[in-house]
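A short worksheet on the structure shown next.
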Amino acid sequence: MRLSTERLSLSYNGRDAVHEVTLDLESGELIAIVGPNGSGKTTLLRGLSRLLRPVAGHVLLDGDDIRAISSRSVARRLAVLPQEHPEGVDITVHELVWRGRAPHQGILQRATPADHEAVDWALEAADVHHIASRPLGSLSGGERQRAWIALALAQQPRVLLLDEPTSFLDVQHQVEVMALLTRLNAEGMTIIVVVHDLALAGRFMQRVIGMRDGRIAFDGPSREVLRPEPLEEVFGVPMLVLEDPESGLPVPLPRHPEGAAGP
Ligand code: ADP
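In our numbering, the protein residues as written are 58 to 320.
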């Protein structure tokens with residue numbers, strides 16, 4: 058499933074937050090979007106997932122304008138994990154994940170074996186099967202995040218968009234979420250994820266897109282774009298990029314603003 062944009066502009070109150078972005082997100086890619094706060098990452102995800110109407114340009118899902126496809130049909134192919142989840146949802150993990158089947162179910166249709174299978178798979182993949190009967194309010198931040206990921210997976214999407222899924226997680230859960238995305242990608246899912254942690258992007262992502270001021274500043278294989286110059290241009294701070302001695306992968310770090318001395 059190919060997702061692309063043609064000179065896509067998205068705005069709030071007449072001001073462009075994403076400006077004439079043209080992108081090709083090919084089937085089976087694992088892509089990170091990075092950039093400073095306010096650079097348009099979340100807005101781009103909203104545009105890609107049909108939540109925001111373009112002021113100019115198009116989003117194409119397998120060549121069809123996403124606005125011409127019904128929202129149910131989009132939801133069967135593409136799932137989004139937003140940055141913030143509604144508070145105070147007083148349901149169990151199991152109930153939450155079942156909601157992911159809505160796009161696949163008829164209004165009066167009873168759950169099919171395929172629905173049960175999808176829910177079981179999603180609970181298992183996101184590693185929340187053992188807490189499936191717990192209410193969301195009783196979970197830790199990491200567990201709750203994985204429950205929302207399971208909801209998105211129950212849609213059995215071909216394309217998964219995630220907005221900072223690791224932000225509030227400890228290192229172990231960050232790595233678990235990234236490993237899960239890698240696994241899903243290996244099974245064929247196209248994954249686009251907004252990440253703040255550049256070291257995580259370097260370790261897990263094949264392609265990294267850098268945004269600044271609503272535009273694409275760089276886009277390419279992580280080894281090629283996670284270099285000091287492109288990162289400095291996007292983030293506006295001096296950067297150092299080390300090479301992981303085990304994998305050779307890039308490990309970007311901000312330089313100390315006072316020079317090499319450090320604390
Ligand atoms: P990022 O995800 O990179 O932090 P956003 O896409 O959230 O950036 O924001 C891009 C720009 O759009 C910012 O200038 C932000 O203030 C503005 N913006 C985002 N959401 C809204 C909104 N709901 N109403 C008005 N302006 C918004």
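We treat Cβ as the ideally placed atom computed from N, Cα and C, and that holds for glycine.
It should be emphasised that the depicted structure is a prediction, and the values quoted were computed from it without experimental measurement.
- A direct Cα-to-Cα measurement between valine 228 and valine 112 gives close to 39 Å.
- Unbroken beta strand (DSSP E) stretches of 3 residues or longer found wholly inside the stretch 248-316: 264-269, 272-278, 296-300, 307-311, given in chain order.
- Looking at the DSSP output, aspartate 73 sits in a beta bridge with Ser68.
- Inclusion of aspartate 172 and arginine 158 in the CB contact set at 8 Å is warranted, their separation being smaller than that value.
- When Cβ pairs closer than 8 Å are counted between the two stretches, the stretch 185-195 is seen to touch the stretch 144-154, the count reaching three or more.
- Ranked by Cα distance from leucine 306, the options Arg167, Pro287, Pro278, Arg312 are led by Pro278.
- With 16 or more other Cβ atoms inside 10 Å of its own Cβ, glycine 259 counts as buried.
- For alanine 236, the CB stays at least 7 Å from every heavy atom of the ligand ADP.
- In this structure, valine 137 and alanine 209 form a Cβ contact; the two beta carbons are roughly 7 Å apart against a cut-off of 8 Å.
- Using a C-beta cut-off of 8 Å, the stretch 77-97 makes contact with the stretch 254-274, since at least three inter-stretch Cβ pairs fall below that distance.
- By the Cβ-count criterion, aspartate 220 is buried, with 16 or more other Cβ atoms from all chains shown falling within 10 Å of its own Cβ.
- In this structure, the C-beta of glycine 97 approaches the ligand ADP to less than 7 Å from one of its heavy atoms.
- Distance from the CA atom of threonine 100 to the CA atom of glutamine 140, rounded to whole angstroms, is 11 Å.
- In this structure, leucine 65 places its C-beta atom within 8 Å of the C-beta atom of histidine 115.
- Counting other Cβ atoms within 10 Å of its Cβ, glutamine 212 reaches 16 or more and is therefore classed as buried.
- The residues Met58, Arg59, Thr247, in chain order, have a CB closer than 7 Å to that of serine 84 in the same chain once the five nearest residues on each side in sequence are set aside.
- Excluding its 5 nearest sequence neighbours in each direction, leucine 193 has C-beta neighbours in its own chain below 8 Å: Val146, Asp147, Ile148, Thr149, Val150, Leu153, Arg201, Ala204, listed in chain order.
- The Cβ-Cβ distance between proline 214 and leucine 135 falls below 8 Å.
- Apart from sequence neighbours up to five positions away, the residues of its chain that approach leucine 299 with a beta-carbon distance below 7 Å are Val308, Leu310, ordered along the chain.
- Boundaries of the beta strand (DSSP E) around isoleucine 90: 87-91.
- Where glycine 199 is concerned, the enclosing alpha helix (DSSP H) starts and stops at 198-211.
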